[in-house]
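One structure is given below, encoded as C-alpha coordinates.
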Amino acid sequence: MSGQSIGRYALYYTPVPEHPLNQAAAHWLGRDVFGRDATVADARLNGEALLIAEPRRYGFHATLKAPFHLAPGTSRQELESAIRSFAASQRPCPIGPMRIIRLGGFFALMPRETTPFLRSFASRVVTEFDRFRAQMTPEDLQRQLSAPLDEAEMTHLVQWGYPYVHDRFRFHMTLTGKVKAEDHGSVAQQLERLFAPLLDEDFQIDAITLFEQENTECDFFAVSRFEFQRSRGGGLSNA
0 MSGQSIGRYA
10 LYYTPVPEHP
20 LNQAAAHWLG
30 RDVFGRDATV
40 ADARLNGEAL
50 LIAEPRRYGF
60 HATLKAPFHL
70 APGTSRQELE
80 SAIRSFAASQ
90 RPCPIGPMRI
100 IRLGGFFALM
110 PRETTPFLRS
120 FASRVVTEFD
130 RFRAQMTPED
140 LQRQLSAPLD
150 EAEMTHLVQW
160 GYPYVHDRFR
170 FHMTLTGKVK
180 AEDHGSVAQQ
190 LERLFAPLLD
200 EDFQIDAITL
210 FEQENTECDF
220 FAVSRFEFQR
230 SRGGGLSNA
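205 is the number that numbering that gives the first Met the number 0 gives to position 206 of the sequence shown; each next residue is one higher, with no gaps.
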(Lines of atoms letter the chains of each structure in order from A and count residues from 1; the text may use other names and numbers.)
(Lines give C-alpha, C1' and ligand atoms only; values in the text may rest on other atoms or scores of the structure.)
Protein backbone atom coordinates (compact mmCIF):
# COMPACT_ATOMS: atom_id res chain seq x y z
CA MET A 1 0.00 0.00 0.00
CA SER A 2 3.00 2.23 -0.33
CA GLY A 3 2.09 5.65 -1.69
CA GLN A 4 -1.64 4.97 -1.33
CA SER A 5 -3.94 7.09 0.83
CA ILE A 6 -5.06 5.46 4.07
CA GLY A 7 -8.67 6.52 3.80
CA ARG A 8 -11.31 5.42 1.34
CA TYR A 9 -14.06 7.32 -0.44
CA ALA A 10 -17.38 6.23 -1.93
CA LEU A 11 -20.10 7.89 -3.99
CA TYR A 12 -23.51 7.04 -2.60
CA TYR A 13 -27.15 7.99 -2.82
CA THR A 14 -28.85 8.86 0.44
CA PRO A 15 -31.81 11.09 1.31
CA VAL A 16 -31.21 14.47 2.90
CA PRO A 17 -30.37 14.26 6.62
CA GLU A 18 -33.79 15.41 7.80
CA HIS A 19 -35.74 13.00 5.60
CA PRO A 20 -37.87 10.55 7.67
CA LEU A 21 -36.33 7.60 5.84
CA ASN A 22 -32.82 8.69 6.81
CA GLN A 23 -33.96 9.24 10.39
CA ALA A 24 -35.58 5.78 10.52
CA ALA A 25 -32.37 4.24 9.20
CA ALA A 26 -30.34 6.14 11.81
CA HIS A 27 -32.56 4.64 14.51
CA TRP A 28 -32.28 1.15 13.04
CA LEU A 29 -28.52 1.19 12.49
CA GLY A 30 -27.64 3.17 15.60
CA ARG A 31 -25.97 6.12 13.92
CA ASP A 32 -26.60 8.96 11.51
CA VAL A 33 -24.14 9.07 8.59
CA PHE A 34 -24.41 12.88 8.47
CA GLY A 35 -22.91 13.39 11.93
CA ARG A 36 -19.68 11.85 13.19
CA ASP A 37 -20.80 12.20 16.78
CA ALA A 38 -24.45 11.33 16.16
CA THR A 39 -25.41 7.92 17.49
CA VAL A 40 -28.75 6.50 18.52
CA ALA A 41 -28.15 4.61 21.73
CA ASP A 42 -31.21 2.35 21.67
CA ALA A 43 -30.81 1.09 18.10
CA ARG A 44 -30.30 -2.63 18.47
CA LEU A 45 -32.35 -5.56 17.25
CA ASN A 46 -33.04 -7.64 20.35
CA GLY A 47 -29.41 -7.16 21.28
CA GLU A 48 -28.23 -8.82 18.04
CA ALA A 49 -25.61 -6.23 17.14
CA LEU A 50 -24.10 -8.50 14.47
CA LEU A 51 -27.27 -8.25 12.43
CA ILE A 52 -26.62 -4.57 11.71
CA ALA A 53 -22.83 -4.48 12.08
CA GLU A 54 -22.00 -4.43 8.37
CA PRO A 55 -24.64 -1.91 7.19
CA ARG A 56 -23.93 0.22 10.26
CA ARG A 57 -20.26 0.40 9.27
CA TYR A 58 -21.02 1.64 5.77
CA GLY A 59 -24.01 3.79 6.72
CA PHE A 60 -27.45 4.03 5.14
CA HIS A 61 -26.97 4.40 1.40
CA ALA A 62 -27.27 2.98 -2.10
CA THR A 63 -23.94 2.42 -3.84
CA LEU A 64 -23.17 4.36 -7.00
CA LYS A 65 -19.35 4.13 -6.89
CA ALA A 66 -18.08 1.56 -4.42
CA PRO A 67 -15.38 2.44 -1.84
CA PHE A 68 -11.94 3.18 -3.26
CA HIS A 69 -8.59 4.64 -2.30
CA LEU A 70 -7.60 7.78 -4.16
CA ALA A 71 -5.31 7.23 -7.12
CA PRO A 72 -1.79 8.65 -6.84
CA GLY A 73 -1.69 12.25 -8.00
CA THR A 74 -5.33 12.94 -7.14
CA SER A 75 -6.83 14.60 -4.07
CA ARG A 76 -10.11 14.83 -2.23
CA GLN A 77 -10.43 18.44 -3.37
CA GLU A 78 -10.13 17.38 -7.00
CA LEU A 79 -12.65 14.61 -6.46
CA GLU A 80 -15.13 17.01 -4.88
CA SER A 81 -14.64 19.48 -7.72
CA ALA A 82 -15.35 16.74 -10.26
CA ILE A 83 -18.50 15.62 -8.41
CA ARG A 84 -19.69 19.22 -8.20
CA SER A 85 -19.29 19.70 -11.95
CA PHE A 86 -20.99 16.39 -12.69
CA ALA A 87 -23.92 17.15 -10.38
CA ALA A 88 -24.44 20.58 -11.93
CA SER A 89 -25.23 18.91 -15.27
CA GLN A 90 -27.57 16.22 -13.95
CA ARG A 91 -31.31 16.07 -13.56
CA PRO A 92 -32.82 13.85 -10.84
CA CYS A 93 -32.96 10.15 -11.72
CA PRO A 94 -36.27 8.41 -10.84
CA ILE A 95 -36.36 5.62 -8.28
CA GLY A 96 -40.07 5.56 -7.41
CA PRO A 97 -41.63 3.96 -4.35
CA MET A 98 -39.56 1.30 -2.61
CA ARG A 99 -40.18 -1.97 -0.81
CA ILE A 100 -38.43 -4.19 1.73
CA ILE A 101 -37.02 -7.36 0.20
CA ARG A 102 -34.66 -10.18 1.09
CA LEU A 103 -31.66 -10.06 -1.22
CA GLY A 104 -29.06 -12.82 -1.03
CA GLY A 105 -29.71 -13.52 2.64
CA PHE A 106 -29.93 -9.90 3.82
CA PHE A 107 -32.73 -7.35 3.88
CA ALA A 108 -32.69 -4.16 1.83
CA LEU A 109 -34.86 -1.49 0.26
CA MET A 110 -35.33 -1.72 -3.51
CA PRO A 111 -37.56 0.02 -6.07
CA ARG A 112 -40.97 -1.61 -6.49
CA GLU A 113 -40.81 -1.30 -10.25
CA THR A 114 -38.01 -1.55 -12.79
CA THR A 115 -36.59 1.90 -13.44
CA PRO A 116 -34.77 1.95 -16.79
CA PHE A 117 -32.68 5.04 -16.09
CA LEU A 118 -31.17 3.81 -12.81
CA ARG A 119 -28.68 1.36 -14.31
CA SER A 120 -27.46 3.75 -17.01
CA PHE A 121 -27.10 6.55 -14.47
CA ALA A 122 -25.12 4.34 -12.09
CA SER A 123 -22.89 3.25 -14.98
CA ARG A 124 -22.10 6.87 -15.79
CA VAL A 125 -21.05 7.48 -12.20
CA VAL A 126 -18.83 4.37 -12.20
CA THR A 127 -16.99 5.34 -15.39
CA GLU A 128 -16.90 9.12 -14.84
CA PHE A 129 -15.04 8.89 -11.53
CA ASP A 130 -12.89 5.84 -12.13
CA ARG A 131 -9.86 8.05 -12.79
CA PHE A 132 -9.85 8.83 -9.08
CA ARG A 133 -9.71 5.16 -8.07
CA ALA A 134 -6.40 3.59 -7.11
CA GLN A 135 -5.66 0.01 -8.07
CA MET A 136 -7.02 -2.50 -5.59
CA THR A 137 -4.82 -3.68 -2.75
CA PRO A 138 -4.50 -7.44 -2.09
CA GLU A 139 -6.69 -6.92 0.98
CA ASP A 140 -9.40 -5.21 -1.07
CA LEU A 141 -9.29 -7.98 -3.66
CA GLN A 142 -9.49 -10.70 -1.04
CA ARG A 143 -12.49 -9.02 0.55
CA GLN A 144 -14.34 -8.92 -2.77
CA LEU A 145 -13.46 -12.53 -3.55
CA SER A 146 -15.09 -13.72 -0.33
CA ALA A 147 -18.37 -13.91 -2.30
CA PRO A 148 -18.77 -16.22 -5.31
CA LEU A 149 -18.50 -14.26 -8.57
CA ASP A 150 -19.39 -15.26 -12.10
CA GLU A 151 -17.23 -14.44 -15.12
CA ALA A 152 -18.85 -11.07 -15.81
CA GLU A 153 -18.54 -10.04 -12.17
CA MET A 154 -14.89 -11.03 -12.10
CA THR A 155 -14.31 -8.92 -15.22
CA HIS A 156 -16.02 -5.94 -13.58
CA LEU A 157 -13.97 -6.43 -10.42
CA VAL A 158 -10.71 -6.33 -12.34
CA GLN A 159 -11.71 -3.40 -14.56
CA TRP A 160 -13.74 -1.26 -12.17
CA GLY A 161 -12.75 -2.43 -8.68
CA TYR A 162 -16.24 -3.73 -7.88
CA PRO A 163 -18.17 -6.68 -9.32
CA TYR A 164 -21.72 -5.32 -9.17
CA VAL A 165 -21.63 -2.59 -11.79
CA HIS A 166 -23.17 -2.03 -15.24
CA ASP A 167 -25.21 -5.15 -16.15
CA ARG A 168 -24.81 -6.50 -12.58
CA PHE A 169 -25.96 -3.31 -10.85
CA ARG A 170 -29.04 -3.53 -8.62
CA PHE A 171 -30.10 -0.41 -6.74
CA HIS A 172 -30.57 -1.30 -3.09
CA MET A 173 -30.21 0.22 0.38
CA THR A 174 -28.94 -2.43 2.80
CA LEU A 175 -30.64 -2.75 6.19
CA THR A 176 -29.13 -5.93 7.67
CA GLY A 177 -26.31 -8.39 7.37
CA LYS A 178 -27.04 -12.00 6.59
CA VAL A 179 -30.12 -13.20 8.47
CA LYS A 180 -30.61 -16.78 9.62
CA ALA A 181 -33.52 -18.52 7.91
CA GLU A 182 -35.36 -19.02 11.19
CA ASP A 183 -35.20 -15.28 11.87
CA HIS A 184 -36.50 -14.07 8.49
CA GLY A 185 -40.07 -13.62 9.72
CA SER A 186 -39.29 -11.68 12.89
CA VAL A 187 -36.73 -9.45 11.19
CA ALA A 188 -39.12 -8.72 8.32
CA GLN A 189 -41.85 -7.73 10.77
CA GLN A 190 -39.60 -5.28 12.59
CA LEU A 191 -38.44 -3.72 9.35
CA GLU A 192 -42.00 -3.42 8.09
CA ARG A 193 -43.08 -1.60 11.24
CA LEU A 194 -40.26 0.92 11.00
CA PHE A 195 -39.85 1.47 7.25
CA ALA A 196 -43.03 0.48 5.39
CA PRO A 197 -44.95 3.71 6.19
CA LEU A 198 -42.11 5.73 4.61
CA LEU A 199 -41.71 3.94 1.27
CA ASP A 200 -44.64 5.20 -0.84
CA GLU A 201 -42.82 8.37 -1.83
CA ASP A 202 -41.74 8.92 -5.44
CA PHE A 203 -38.03 8.74 -4.59
CA GLN A 204 -35.35 10.03 -6.92
CA ILE A 205 -31.58 10.36 -6.95
CA ASP A 206 -31.29 14.12 -6.66
CA ALA A 207 -27.72 14.30 -5.36
CA ILE A 208 -24.49 12.39 -4.95
CA THR A 209 -23.16 12.13 -1.42
CA LEU A 210 -19.43 11.69 -0.90
CA PHE A 211 -18.65 9.32 1.97
CA GLU A 212 -15.28 8.94 3.65
CA GLN A 213 -13.69 6.22 5.77
CA GLU A 214 -10.62 7.65 7.47
CA ASN A 215 -9.01 4.25 8.05
CA THR A 216 -9.96 0.60 8.20
CA GLU A 217 -11.03 0.90 11.85
CA CYS A 218 -13.51 3.71 11.17
CA ASP A 219 -17.09 3.87 9.95
CA PHE A 220 -18.02 5.64 6.73
CA PHE A 221 -19.51 9.13 7.09
CA ALA A 222 -21.10 11.59 4.69
CA VAL A 223 -18.78 14.53 4.14
CA SER A 224 -20.36 16.41 1.21
CA ARG A 225 -23.70 16.28 -0.60
CA PHE A 226 -23.84 17.56 -4.18
CA GLU A 227 -27.34 18.36 -5.39
CA PHE A 228 -28.33 17.99 -9.02
CA GLN A 229 -29.72 20.61 -11.34
CA ARG A 230 -33.37 21.40 -10.48
CA SER A 231 -33.22 19.25 -7.33
CA ARG A 232 -34.83 20.67 -4.26
CA GLY A 233 -34.29 20.36 -0.55
CA GLY A 234 -31.58 21.19 1.92
CA GLY A 235 -29.18 19.01 3.77
CA LEU A 236 -25.45 18.72 4.06
CA SER A 237 -23.60 20.23 1.14
CA ASN A 238 -20.13 21.44 0.35
CA ALA A 239 -21.33 24.92 -0.55
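Ideal Cβ placement from N, Cα and C applies to all residues, glycine included. As the structure is a prediction and not an experimental result, all values here were calculated from the model.
Per DSSP, the bridge partner or partners of Gln141 | According to DSSP, which records beta bridges pairwise, Gln141 is partnered with nothing at all.
Neighbourhood of Ala187 by C-beta distance below 8 angstroms, restricted to the same chain and skipping five residues each side | Ile99, Arg101, Phe106
Measure from the alpha carbon of Ser70 to the alpha carbon of each residue in Thr113, Gly6, Leu148, then state which is nearest.
-> The sequence shown places Ala at residue 70, not Ser. Closest by alpha carbon: Gly6.
Helix, strand or coil for Pro54, going by three-state DSSP, please let me know.
-> helix
Where does Asn21 land, buried or exposed, given buried means 16+ other C-beta within 10 angstroms?
-> buried
Is Ile82 closer than 8 angstroms to Ile204 when the C-beta atoms are compared?
-> no
Would you mind stating whether Phe128 and Leu10 have Cβ atoms separated by less than 8 angstroms?
-> yes
Distance between Arg55 and Trp27 (C-alpha atoms, nearest Å) = 9 angstroms
Output the boundary residues of the beta strand (DSSP E) element that contains Ala133.
-> No beta strand (DSSP E) contains Ala133, which DSSP labels as neither H nor E.
According to the neighbour-count rule (16 or more other Cβ atoms, all chains shown, within 10 Å of its Cβ), is Ser119 buried or exposed?
-> exposed
Continuous beta strand (DSSP E) assignments of at least 3 residues falling wholly in the region 52-111 = 61-67, 92-95, 97-102, 105-110
Excluding sequence positions up to five away, which residues of its chain have a Cβ less than 7 angstroms from the Cβ of Met97?
-> Leu108, Met109, Pro110, Arg111, Leu198, Phe202
For Leu10, the residue or residues it bridges with in DSSP | Lys64, Leu209
Counterpart residues of Phe220 in DSSP-defined beta bridges = Glu211
Enumerate in chain order the residues of its own chain whose CB-to-CB distance from Leu240 is below 7 angstroms, with the five nearest sequence positions on each side excluded.
-> Only positions 0 to 238 of the chain appear in this structure, which leaves residue 240 out of reach.
For Phe227, which residues from the same chain have a beta carbon less than 7 angstroms from its beta carbon, with the 5 sequence-adjacent residues on both sides left out?
-> Ala86, Gln89, Arg90, Pro91, Asp205, Ala206
Below 8 angstroms on the Cβ atoms is my guess for Ala52 versus Gly176; work out the distance and round it to an integer in Å.
-> 6 angstroms
For the beta strand (DSSP E) containing Gln189, list its first residue and its last residue.
-> Unbroken run through Gln189 is the alpha helix (DSSP H), 183-194; no beta strand (DSSP E).
Helix, strand or coil at Phe170 [DSSP, three-state] | coil
Is the beta carbon of Ala61 sitting closer than 8 angstroms to the one on Met172?
-> yes
Should Val178 and Leu49 be called a contact, given that it needs their Cβ atoms to be closer than 8 angstroms?
-> no
Taking buried to mean at least 16 other C-beta atoms within 10 Å of its own C-beta, is Asp166 buried or exposed?
-> exposed
Could you spell out where the alpha helix (DSSP H) holding Gln228 opens and where it closes?
-> Taken as a continuous stretch (DSSP letters only), Gln228 belongs to no alpha helix (DSSP H), as it is neither H nor E.
Please confirm whether Met153 and Pro147 have their CB atoms less than 8 angstroms apart.
-> no
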